[in-house]
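Order-wise, the sequence lines are chains A and B.
Per the working numbering, the first sequence starts with residue 3, numbered consecutively.
Per the working numbering, the second sequence starts with residue 3, numbered consecutively.
Quick reminder that beta carbons are idealized off the backbone N, C-alpha and C, glycines included.
Note that this is a predicted model, so its numbers are computed, not measured.
The block underneath contains the structure these notes are about, expressed in C-alpha cells.
Protein chains: 2
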Amino acid sequence: MIIVADNLRITLPAIGHAVDRLDPGPIRKLADACRNAGAQAIDINSGPLSRHPEEKMTFLVRTVQAAADLPIVLDTANPRAMAAGLAACTQKTMINGVSLEPEKLKRILPLARQHDCDIIGYLLRPDGQVPVDAPGRMEAAVALFNEMQTAGISPGKIIIDPVVAPLAWQDGNRQNMAVLEVIRTLPDLLGFPVRTIAGLSNLTTGAPDPDTRRRYQLAFLPMLAAAGASMILLNVMDTEIMREVESCRNIIDGGIFTWEPPYSPLHAIGR
Amino acid sequence: MIIVADNLRITLPAIGHAVDRLDPGPIRKLADACRNAGAQAIDINSGPLSRHPEEKMTFLVRTVQAAADLPIVLDTANPRAMAAGLAACTQKTMINGVSLEPEKLKRILPLARQHDCDIIGYLLRPDGQVPVDAPGRMEAAVALFNEMQTAGISPGKIIIDPVVAPLAWQDGNRQNMAVLEVIRTLPDLLGFPVRTIAGLSNLTTGAPDPDTRRRYQLAFLPMLAAAGASMILLNVMDTEIMREVESCRNIIDGGIFTWEPPYSPLHAIGR
C-alpha cells in the first residue's frame, strides 16, 4: 500500500500565491514536509491552470522534484499543463488521470503512451457521471482498461481509481461498498493484477469539522487497505491517519512477530 | 453489526470476588455500564467455574439480566455451568461455544438443541488447533456447520467465529486475512446467510500497553465490519472504539445524507 500525499493543492492560498509568483519556497517546504511525514509519492493538484499552464506546471514539477526525491502524480485536466509537467519530470511519473469521457481519452491518454508513464483511470461513465453500483463500476473498468490497451498503454502502467463517494451523497454508502468490491475483485475480473488507487479525502467532502472528517477517514482507510488498494491518496500531514497506515500495514503484511521490547514493527512511519 | 460486550470476565479481580461472595453489586454495575456504552449483548465469560458451577452461573445470569435487558452470551467450557446458565436465562441466549473438538460436540452441542438457542461455532480443527489459512478455516466451517445441523440445530441458530489471531503469532497476519475472507465468503460457500462473529481483543493479546492495543484494534475493526461480520465481541467501555463502531455503521449502512446542522447520523452511540 503506497501512500500518495494529496496535500499539494493549488486551491491552498499559500500554494496558489506561490505558483502565481513562481516562488518555490512554500512549495518546497510542503513537499519536504510530505516526504518527512511518510509520503511515497506526491500528487501535484494544479487545477486547470488556465493562464500560463506550461510555465506554471514546469515550475511546480521542478520545485517538488528539487525538494523530494519521490514519484510525482500530475493532477490536472489541462492537457497542455499535463504535457509540460511530463516533459519536466525526471522522476517516476503518474498521470492523474483519464476516464471514458471522450475529451480525456483523446487528449490525455496519448500522453501516457508518449511518455511511457503510469496513468490513473477513473471509473466514470462517458458522460462523466459515477456509476452507483459495483456492476456499473466493473463495466466502466473493463471498457476503460480496453480503451487504454487499445491506445497502446501496457496493462502494468494502468492504475484504476474506482472513485470514493462523499458520505453525504444519498447513495454514498452503496457507492463506497462498490468501491471496496471493485478494489478486491477487479484483478480477478480483468485476469491481470491491475493496480488500484483510492482518494480518501473524497469520503468526507463537505464534512462540518476536522474531527468529523478524521473519524470517518480513519474508519474507511482500513477498509480500503484490507480490500487491497495498491495506493491511497490522503492527507499525510495528519499524524493519526499516518499512524493508522502503519497499523494497517502491520496487520496485513505481518510486521509484528513479538511484542517483546524493543518492540519494532516491520512498518514504522516517522520514527 | 451487533456489538457484544466482552467486559464481563471472571478474571477481573472485582468480578471474581463478587462471584465468590455472590455479591451482585459489581456485576450489576458493570452490566449496566456496558448497556449504557452501547452494548447490544453481554458475554458472560465465567471461565470453567470448577467449584459450584451451577450456583455461580445461575447467580451471574440472574444478576446480569436484572441489570440489563439484553441478550446474554454464555461463555464457558463447563457443560454444567452452561446448562445452569441456559436454565436461568429468560432473555435471548447464545452459547459460546462449540468447535469440532469431540468433547465440545458431545457435551455442549446438545444443550443448544435442548434450549433452542443461538450457538457460536469456532473454526478449530478437531485437535483444537487453529487452521492457518482460509481453505483450512473453510473446511472446518463446512464440517462444523454439518455437525451442528446433524445434531438438529437449525442453520439460523448458528453463528460462526473464524477465530481472530493475535498479531504476535508468526502467521497472525495470514490468519487474520483468512478470518476476513471467511467472514466475507462463508455465506456464499454454505449457500446460507450464516451469521459470523469475531473477537476483536484477541488481536492484541500480549500487546505491551493500552495505547498499542487500541491502535491495532481500531485498525482491524473496520476491516471486520467491511467484511460483513454480523457481531463483534469487544471492549464497549473504550469510547474511541465505540465511536468507530458508529462511524463504520454510518459508512456501511448509509447513515449520513447530509452534513447540514443539526448533523444527526442514523447510527449514534451514547448521545
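In the three-state reduction of the DSSP assignment, residue 165 of chain B falls in the coil class, being assigned neither a helical nor a strand state. Taking C-beta atoms as the reference points, residue 180 of chain B and residue 136 of chain B count as a pair closer than 7 Å. Leaving aside the five residues that flank residue 163 of chain B on each side, the residues in its chain whose CB is nearer than 6 Å to its CB run, in chain order, 122, 124 and 199. In the DSSP assignment, residue 95 of chain A falls within the unbroken beta strand (DSSP E) covering 95-100. With a cut-off of 8 Å on Cβ pairs, the region 210-217 of chain A is not in contact with the region 181-189 of chain B, counting fewer than three such pairs. In this structure, the CA atom of residue 66 of chain B is about 39 Å from the CA atom of residue 174 of chain A. Taking 4 residues as the minimum length, the alpha helix (DSSP H) runs contained wholly in the region 75-137 of chain A are 81-90, 104-109 and 111-117, in order along the chain. According to the DSSP assignment, residue 175 of chain A belongs to the alpha helix (DSSP H) that extends over 174-192. In this structure, the alpha-carbon of residue 229 of chain A lies about 6 Å from that of residue 185 of chain A.
For residue 63 of chain B, the CB contacts under 6 Å within the same chain, skipping 5 residues up- and downstream, are 87, 90 and 91 in chain order.
The alpha-carbon of residue 114 of chain B is positioned some 60 Å away from that of residue 47 of chain A. Listed along chain B, the residues sitting closer than 7 Å to residue 249 of chain A by beta-carbon distance are 217, 218 and 221. In the DSSP assignment, residue 45 of chain A is bridged to A:75. Put simply, the region 239-255 of chain B does not touch the region 16-23 of chain B. Fewer than three CB pairs are less than 8 Å apart. Taking the Cα positions, residue 31 of chain A is about 33 Å away from residue 261 of chain B. Taking a beta-carbon distance threshold of 7 Å, residue 225 of chain A counts as an interface residue toward chain B.
Between the C-alpha atoms of residue 258 of chain A and residue 5 of chain A there is a straight-line separation of about 20 Å. Burial state of residue 116 of chain B is exposed, judged by a 10 Å Cβ sphere holding fewer than 16 other Cβ atoms. The DSSP assignment places complete alpha helix (DSSP H) segments of no fewer than 4 residues inside the region 205-244 of chain B at 212-229, in order along the chain. Taking 7 Å as the cut-off, the beta carbon of residue 29 of chain B is found no closer than this to the beta carbon of residue 74 of chain B.
For residue 233 of chain B and residue 202 of chain B, the gap between their C-alpha atoms comes out near 10 Å. Taking CB atoms only, residue 256 of chain B has a neighbour in chain A less than 7 Å away. The beta carbon of residue 260 of chain B falls within 7 Å of a beta carbon belonging to chain A, placing the residue at that interface.
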